[in-house]
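As structure tokens, the structure follows; a few thoughts come after it.
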Amino acid sequence: MAGTQSRNRKSGSAPYNGPYGTPLSQVAYHESRHLHPQRLPYRRHERPASVHLLDVSTETLDNMQQVAPSVRRLLVPNLKLKTVPESLVMHLQQLETLDLSHNQLGDSSFPEAMKTLDCLVELRLSGNQLTKVPTCVRRLRNLSRLDLSHNLLDSSAGLEKLKKLQVLVLDGNKLNSLFKDIGNLRRLQILRCSGNKIREVPRDIRHLAALTDLDISNNRIAVLPTDVFQLPHLEVLNASQNQVGKIPSFNVKVQNRHWISTVDLSENNLAKFPGHLMFLSNKLDLSSNKIRILSWATLKKLDWDKHQELLLESNPLCYPPPEVCESGLRSIMNFFQESQADVKTYQGVKVLVLGSTRSGKTSLVHSLVDQQARLSDDVSDGTAGVDAYETSFDYDVDNGKPGKSLNLCVWDFCGHPFYLYPHYLFHEHPSVTILTFSMPDYSGDSFTQQVGSWFDWMIAKTNKLVVLLVGTKSDLVTPARVAEITYDVRRRLSAHLQQRQQAIEQRVKAIESRPAISPSLSEQLKALVKLLQARFVVQTDVIATSAKTFSGFGRLRQAVEALIDDRKLFPNVMREIPTFWAEVENWVEERGNTLLVPIMRWGEFSEEVTQRFGMKHLLVSITQYLHETGKVLWFSSVPSLKEYVFLRPSWLFDVLKQLLRHDLHSMTFTPDDSLKAIGFTQVKFERLKKEALVEGVMDRELIKALLVSLLPADLTTPAAEVLNLLTEGLEIGYPVSKRMRETTYSFSIEKDSQGQVKVNKLLIPWFRTSAEPAASREKWTELHGRHRLCALFRFPLYMPPGLFELTTVRVHHEKHRLVFVAHWGGGIQAHHSEEKVRIAITYFLEKSASRDDKRMTGRGDNLSVGKKDSKSEGKTESKDSKERKVKDSGLNGRLQGEGVKQKKTDSEEPHENIENKETVMKEKDDNEFQDERESGDDIEVTEARTRLTKEDSQQAAGAESTVVVKFEIRDDSGDSADQTPAATMWTILLPLLMDFEELLKGYAGVLVERWTGCPLCGDTSFLGEWLAPKETQSMSTRTCDTCHQHVDTAFLVQPREKKRDSVTSQRHEPSNTTSARHEPTNTTSARHEPTNTTSARHESTNTTSARHESTNTTSARHEPSNTTSARHESTNSTSARHEPTNNVVIRNLVKRSLSRRRGATVTSDLDDIQTLAPRTPRRAPVIHLDVLGDDSLHRLLDPRDSVDSFLSFQ
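In UniProt numbering, the protein residues as written are 1 to 1210.
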């Protein structure tokens, strides 16, 4: 340029007339690759596209006006400009790039004309003196690249308006925060903000999903959120030269992970090796940190074939040695393989973390896993569904070399009530349960919601609990308040658990107080005794923790270790695992990572493992070990799932998390290539989501869209496997169909030519909240007065959430041959495909005192009893009309779906004093509490046996509200003279009841009572005896306690098996007589009056017919002849007058067993009793207490006893 100026002067050109030298510039034309020196103005016809000004003299600006309309790129750097001349940018309508870098521009240096640069896409303002984003810049709506580096910015406000921004450079400023202002820049791909004063990266960064290059180096950041590493398109992350002391643990989804090319965390304060970052980065730079030990448990899972780099220079490493670590990742892995050959493996345990929403569970889990303070609010959202983590407690560390370790598989359960049903599947023993509650939010009124209801939920599933009570957020309350909360929780929990025990023992006492116990009552008695034998180990001395200050976690670790050391509770934990088992474990993990759908059928799994490792006889033990430690999921005790082996538990968690969501209504559609391939659009997503929310029906394509992060939507086979799992294995729904322009669903799907049912729509009862259709209600009312059978299950204490919904899926199975005609939020109605009957299965809330069956008006914590109309107050209302008061609830009832918790018998305020010495968990006075708090002793709640003597169980039951599940079947033949016989109805109803009984086996801690409805008055005045029907089967009629009419027993229990088979084989044959059919009306006296022989026998044994009827027993079926009867009478008479020697010994054995603690085994005593008893004892349906003992007959009940009878001793 200097040479050009010299030549111009020699040629006599115009002299220099401006402070910036001669009016020269650099100009480029369209499709030109370089800028060339050019004097303005010029006379060429071609208009310039790019101009680089070397001065801004008046002549230059005037000449610039002539070429402005065609200029697209204007460069004005390094000219020490203090203001931008308005004439410079006034006519640049086509300008796309403007460079004003390295000048002296301030906040008010920009003209109003810059607002008109609508085509501007790139603006360079680096190296100026800006303290804020200029106002004119905020209005450049099409700006996509902005450089504000090396200014004096202390605020990024205004950047949020640049919606199309893709590149943002903010290096070398004075910013303290940034990401909250740019969180909505969804198109941002490159962000450079090094050399600032940024202290945190908030979770808002997850909204910058398009980021590929992120440079946050040389700041003051102490914590990096997991959201940074999970950005879907991130290629380069530079977080060096910060104060990062921890990298939060998170689960890397192997199948869908995104590899980051480079992660630079050098020159930070990391003390713990973040090995999980190796699963998503090709190059990890951890040099110049404070790492001492590497974890082989993480590195051994890496793929040896993938080339990865790990830089560890300038760390105080002691294991492996520094020279090994500096040789690269391959040398480190070889070192570990050689040194770990002699290291032993020990069995770990699962830790389940429960608690209400926002109770601090996730922060607790993250702090426990990372062993450092971590608040989930700072780094991620709360949990939805179940999240799994792995950590360990290391022992015997020698110079950095790890020794024995306790491996923990930590499952973090979401506390939203919606998940109480799906989470039941994963709450199993053996495991340690940590129940959390928020100390700042705790009060006496919130105890039930924060603590008590969770114990009800846990006890319903299993009668073996190991629980640690943990109070979170203790840093927000004073130490005095912590002590007060600890005492109050201990007191209320003691009362809460004892209240449950008292309710059960009331029922035991009511049965024992009877003069005779029938087989049905004895079966109920055995179930009650089993509930009383529940073992609860609860540390009620609350462990106060704070994830913010990392306080209380040492005590929490000690509590977990103390429980694990108890061999009675955890006999297998910390046992040495054979090398062969460890090899199978490694193979299972690798195999699960290679499968798109990591599920194997048991046969396939068994064959593959056996072929590879042999030792088939150990396969069940190995798989059970993997299940107990959380490596696989194999629900061997669940009939529908025992054939499935889930090789990756996190995959099943994710499937349920995506499908069963409490926030489905707020989900948004995210386009995906595989979704576009199948034509899935935003409109379709919204339509199908509405169908799921309103009708509880999920379309196949909606399921694909929700699972798109786990399964490609354009693949058919994986989707079919998942749908099969949902319907047959997990049983969360059943297939339905709906044709175009139809308003109702068809609940029955026809099979294809191969005998398979294609699932296009899935009805999920847990989502179903619609009201009962009027048509089905009217049809059911029309059948009033017809032949009917009614069986009820009452849950006086707690009904497990989801039990009814699971029942509706079970009864839809084709083996029951039911054709559903209606399915609403509180029930289903169906007709039989072969018999002319209607079946209704409902659940509702009733008041036990009046037994007014009323259908519920909501679900979960909104469950309430329907109220009578004020106009009909005082009027008599039929049972059917009461039941027809159905709910008309919206989505709120189901989505708040808490387990149904009944009202308490006693006051909600627990008793101050619990005096029974046999109860380990009892109240202490203030001095005792102070001593316990100082010593930190645990309290073990085991086999509490406090007997309630204040009230009778019937009075207590009268004050309760009970959840009822009702199975009812009615004749629908249309001919009152030829109705469906009861025996035929039982062939339909009994399999349904047995299915429900099978479900109840999965809830070991549920108190359930079985009843049968009177076919005449409709009241449930008979015990449900379908499990022990022999006694009633031998009787012709029973008397109803409500209507006092004689009821044909064919309507109370199922007929004998031979008779039932006969009815089944002949039920399709026409019949001209109705006398053979059972009528639920009064019958002849011959049917109700015992024969003379029977009466004589009853009289001789001093047993009146009234007592015979009240105890619902008869000896007719046990006495086939008069001779036998006489012999039986003489035997009873002898027993009443004299007591043989053997009976004296028997009574002593009974007394000895009764003197033991409740729950102690009596098996040995029963063996002794049976040895002394006759070798061929007769069976009697009733045991009189004056023969076998004074009270507590249930002591003698052993699992080996038959259902319907017990030994009668001579």
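Positions of the beta carbon are idealized from the N, C-alpha and C atoms, including for glycine. Keep in mind the model is a prediction, meaning the values are calculated, not measured.
Per-residue burial, residue 487 [other beta carbons within 10 Å of its own, 16 or more giving buried]: buried
Terminal residues of the continuous beta strand (DSSP E) containing residue 734? 734-736
Tell me the DSSP secondary structure of residue 144 in three-state form. coil
Using CA atoms only, rank isn't needed, just tell me which of 997, 470, 264, 975 is closest to residue 791. 997
Opposing strand residues paired with residue 287 [DSSP bridges]: Beta-bridge pairing links residue 287 to no other residue.
Take every Cβ of the stretch 642-653, pair it with every Cβ of the stretch 382-395, and state whether three or more of those distances are shorter than 8 Å. yes
Using DSSP with H/G/I as helix, E/B as strand and the rest coil, what is residue 615? coil
Rounded separation between residue 1221 and residue 360 - CA only: Examination of residue 1221 is not possible in this model, given that the chain is present from 1 through 1210 alone.
Tell me which residue opens and which closes the alpha helix (DSSP H) that residue 580 is part of. 579-594
Which residue or residues does DSSP assign as beta-bridge partners of residue 539? 468
CA-to-CA distance, residue 708 to residue 716, given in whole angstroms: 12 Å
Just the Cα atoms here: how many angstroms apart are residue 913 and residue 501? In this predicted model, residue 913 has a pLDDT of only 31, less than 50, meaning its place in the structure is not dependable; the value taken from the coordinates is given anyway. Going from the Cα of residue 913 to the Cα of residue 501 covers about 16 Å.
Assigned secondary structure, residue 1228 (DSSP; H/G/I helix, E/B strand, else coil): Residue 1228 lies beyond the residue range present for the chain, which begins at 1 and ends at 1210; the question has no answer from this structure.
Taking all protein chains shown into account, do 16 or more other C-beta atoms lie within 10 angstroms of the C-beta of residue 466, making it buried, or fewer, making it exposed? buried
Grouping DSSP H, G and I as helix and E and B as strand, with all else coil, what is residue 493? helix
Could you tell me which residues DSSP pairs with residue 820 in its beta bridges? 830
For residue 580, count neighbouring C-beta atoms within 10 Å of its own C-beta (all shown protein chains included) and say buried if the count is 16 or more, exposed if not. exposed
Tell me residue 350's beta-bridge partners as DSSP assigns them. 409
Give the DSSP-derived three-state secondary structure of residue 1034 in the structure shown. coil
Under DSSP, the alpha helix (DSSP H) around residue 966 begins and ends at which residues? First-last for residue 966: 961-971, but that is the beta strand (DSSP E), not the alpha helix (DSSP H).
Determine the DSSP secondary structure at residue 337, reduced to helix, strand or coil. helix
Would you tell me roughly how many angstroms separate the C-alpha atoms of residue 602 and residue 636, rounded to the nearest one? 10 Å
I'd like the span of the beta strand (DSSP E) that includes residue 1051, first residue to last. Per DSSP, residue 1051 belongs to no beta strand (DSSP E) and is neither H nor E.
For residue 535, which of 510, 462, 576, 564 has the nearest alpha-carbon? 462
Candidates 1037, 559, 828, of which the one nearest residue 967 by Cα: 828
Is it true that the stretch 1034-1044 meets the stretch 830-842, where meeting means three or more beta-carbon pairs spaced less than 8 Å apart? no
Using a Cβ-Cβ cut-off of 8 Å (strictly less than) and excluding sequence neighbours within five positions of residue 1020, which residues of its own chain qualify? 790, 792, 851, 1011, 1012, 1013, 1014
Buried or exposed by the 16-neighbour rule on C-beta atoms within 10 Å, applied to residue 682: exposed
From the DSSP output, read off the bridge partner residues of residue 1236. The structure shown does not extend to residue 1236, since the chain spans only 1 to 1210, so no value can be given for it.
Beta-carbon within less than 6 Å of residue 431's beta-carbon, same chain only, minus the 5 sequence neighbours each way: which residues are those? 350, 352
Just to confirm, are residue 965 and residue 804 a CB contact at a threshold of 8 Å? yes
From the beta carbon of residue 673, is the nearest beta carbon of chain C less than 8 Å away? Here chain C cannot be found, since the structure has a single protein chain.
Is residue 480 helix, strand or coil when you go by DSSP? helix
So the candidates are 420, 699, 977, 713; which of them puts its Cα closest to the Cα of residue 736? 699
For residue 596, count the other beta carbons within 10 Å of its own beta carbon; 16 or more makes it buried, fewer makes it exposed. Which is it? exposed
Would you kindly work out how many angstroms separate the C-alpha atoms of residue 417 and residue 457, rounded to a whole number? 11 Å
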